[in-house]
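Note that my numbering has the sequence shown beginning at 156, numbered continuously upward. Backbone N, C-alpha and C fix where the C-beta goes; we use that ideal spot for every residue, glycine too. Everything on this sheet refers to the single structure shown next.
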Amino acid sequence: MQVSTTIFASRIQRFRLPRVCVAVVGEDATNIIDRAESLVRDNPFMEFRLDYLTNPAAGLPKLKHFLDLHPEATVIATCRRAVNGGKFKGSASAQLDILTKAAATGFQLVDIELQSAEILKAAELTELKDRVGVILSFHDFKATKKLEETFAEMKRYPADFYKIVSTATSLYDNVQMMKFLQAHSAQHEMVGLCMGEQGIISRVLGVRAGSVFTFGAATRGEETAPGQVTAGELRDTYRIEMVDAATQVYGVAGDPVAHSMSPIMMNAAFRRETVNAVFLALHAKSMKDLMACVPDIPIRGLSITMPYKQDIVAALTNSDALTKQVGACNTVVRGQDGKLYGFNTDVAGVVVPLEQRMTLQGAKILVVGAGGVARAAAFGLKNKGAEVFIVNRTPEKGQALAKATKAKYLKRADVAKMSFDVIINATPLGMGANRQSPLEDKELNTKFLFDLVYVPAETKLVKMARARNIQVIPGLEMFVQQGARQFEIWSGKPAPIAEMSFVVTKALERLGVAPVEEELPAPKARPRDEEKPAPKPLAKPAVKSSSKKAARPAPTKPRKPAKKTAKKPVKR
Ligand code: NAP
């Protein structure tokens, strides 16, 4: 019997469908097949966007060849009309004709928009559904609203899957989408997600709210919708096939956060330590939006970044002594009681890499800058007994920080007259495309330079320091150490520091800004006992090659005294 076959097919599909469907586009059928051939091994569930073809019907015979060759693949035929956000310029009838032919070609599923269903006759749709699995879809490219009303309209038409894709304009839109999925997924086969950068929560967590599957791009640059992440990232970084009701949700919250390395680093740590947790980039345009999401998702922990490190403090029920002292929090734990508890791990991020190289008690350290990170550095280093000096572009802010931390404020003109054990750059100078240095060559009278900027690793300041034979501590070490403390607070397990460092190094390498492989930390020196005049610039700069790839990543330095063996490459 025709109808029961379709129901049977749809039931089977639900259980055998992978959670990620990869959208494949191409200028012609050969193009699509070439892409599909290279993808099918890792991605047996694909969507062919027929609307990207100049003549979709003409391409079907070629696509049939692929479908015949790959019975293991489940492929959706989509020929979205231009009026509904696709590229097909034909009428709803012409669309139906192509989808019907696609069914005869061997596609297991076809996607048709609600707007087309409204134009077609009921019998035409029923006939299509009798031939092939039908995904009835609705896309809102502007907002997430009226989900229930839209679904009520969709339910009037027979379909095997109901797919609603909206656009997140706030983090809370994801919550709306997931509540909607939860409300209907027991009765219907639902697919739902939010597009846009802020929609990442629904792209990853939608499957546990009841979405049968979600969509991923084949590669970066091949996205078919705003905010789409690659199928590889969904599987490898976010481990979407394992996300379930017990998966704990963490995230980095800030504005902006699109380029944050935290998701790559923290998800790698969770995977390595087999913690059932996922870590997302939460682009919070306001604290209010962020706070609304925390209990509803629910979020178990947050990494807080700019501009919310101070603002979050008011939302905390309690915090550690460092948060109180510094007045800023970068780590939040949501307790079983639903209350938020704050920690500051930025301090550890600055202090630990230095402690691995020297005794901080009595060390002379110049902090350049008086912003949030400089504040964490100054308090942390004073707590360890270092002699801290502060210089800042705006003297009043520098003086205020010096007063608060009992450090000494230095006039810029006096910097060149002094020598230090460590100079810390806590300004953004050198970051990204910025080629500036916060200090001049003659002011670099120090044994160690700790440039907290880590993208790129080779800032102008770092290059100047290397040329003077000054030991450079890469800013990546702060990033990894603050993240390692966060991981430990959240999971109660020791952080897999080498793995965390490795994945970020690889990610930076892909961006073309890989950190330079560093020397091991020197055994605990006592730099204050060895104060020497500043080294003269070398005739031949002792610059290390920056072309070394992360094939042999420098593992994160151990917390205990460094040993040569720690230099082994990470086994993956
Ligand atoms: P912030 O609060 O905005 O403070 C920036 C500081 O830099 C201020 O003291 C500011 O001086 C100074 N500054 C800004 N532009 C300057 C310029 N053109 N010339 C001289 N001084 C300038 O920023 P933050 O949160 O402390 O972060 C500072 C940097 O640390 C970031 O840009 C980032 O690169 C780095 N960072 C690294 C990590 C890591 O894990 N490695 C983590 C966080 C931050 P005024 O007081 O005069 O404005």
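- Per the CB criterion, closer than 6 Å to any heavy atom of the ligand NAP, the qualifying residues run in chain order as M461, G504, G524, A525, G526, G527, V528, A529, N547, R548, T549, K552, A581, T582, P583, L584, M586, P593, L607, V608, Y609, G630, M633, F634, Q637.
- Here the segment 221–235 makes contact with the segment 198–206; the two share three or more CB pairs at distances below 8 Å.
- Beta-bridge annotation (DSSP): L435 is paired with G406.
- For the pair A277 and D183, the Cα-to-Cα distance works out to about 32 Å.
- In this structure, DSSP gives V362 a helical state, which the three-state scheme calls helix.
- In the DSSP assignment, N422 falls within the unbroken alpha helix (DSSP H) covering 417–427.
- Beta-bridge partners assigned by DSSP to L457: G406, V487.
- Assignment of F534 by DSSP, reduced to helix, strand and coil, places it in the helix class.
- The DSSP-derived three-state label of K615 is helix.
- Considered as a whole, the segment 181–245 harbours 184–194, 211–224 as its complete alpha helix (DSSP H) runs of no fewer than 4 residues, in chain order.
- Taking 8 Å as the cut-off, the beta carbon of L218 is found no closer than this to the beta carbon of I267.
- Counting every other CB atom within 10 Å of its CB across the protein chains shown gives Q511 a total of 16 or more, marking it as buried.
- In its chain, beyond the 5 residues on either side, V359, V433 have a beta carbon closer than 6 Å to the beta carbon of Y393.
- Between the segment 411–422 and the segment 624–644, the count of C-beta pairs closer than 8 Å reaches three or more; the two stretches touch.
- Secondary-structure assignment with DSSP links V175 through a beta bridge to T369.
- Look at I452 here: in three-state DSSP terms it is coil, with no helix or strand label.
- Using a Cβ distance threshold of 8 Å, Q641 and T500 count as a contacting pair.
- For a cut-off of 8 Å, the C-beta gap from T255 to L283 is around 6 Å, short enough to register as a contact.
- The three-state secondary structure of Y327, taken from DSSP, is helix.
- If you compare the alpha carbons of V430, A470, E428 with that of L445, the shortest gap goes to A470.
- Contact between V523 and A581 holds: their C-beta atoms lie close to 6 Å from each other, under 8 Å.
- About 14 Å separates the Cβ atoms of D295 and G241, ruling out a contact at the 8 Å cut-off.
- The beta-carbon distance between G497 and T486, rounded to whole angstroms, is 7 Å. This is short enough to meet the 8 Å contact definition.
- When secondary structure is reduced to three states using DSSP, H294 falls in the strand class.
- Setting aside the 5 residues that flank it on each side, A529 is surrounded in the same chain by V522, A581, each with a C-beta closer than 6 Å to its C-beta; the list follows chain order.
- Beta-bridge partners of L348 (DSSP): V320.
- The alpha-carbon of A249 is positioned some 30 Å away from that of G382.
- Apart from the 5 residues on each side of it in sequence, A298 sits with its Cβ closer than 8 Å to the Cβ of S321, T322, T324, D328 in its chain, given in chain order.
- Considering only G526, G527, V506, A525, the residue with the shortest C-alpha distance to A518 is V506.
- In the structure shown, the three-state DSSP call for M586 is coil.
- The C-alpha of V175 is placed about 30 Å away from the C-alpha of L275.
- Taking C-beta atoms under 8 Å as the contact rule, F534 and V502 qualify, at a distance of about 7 Å.
- It is roughly 19 Å from the alpha-carbon of G493 to the alpha-carbon of D466.
- Collapsing the DSSP output to three states places L607 in coil.
- Linking S271 to T305 through their CA atoms gives a straight-line distance of about 14 Å.
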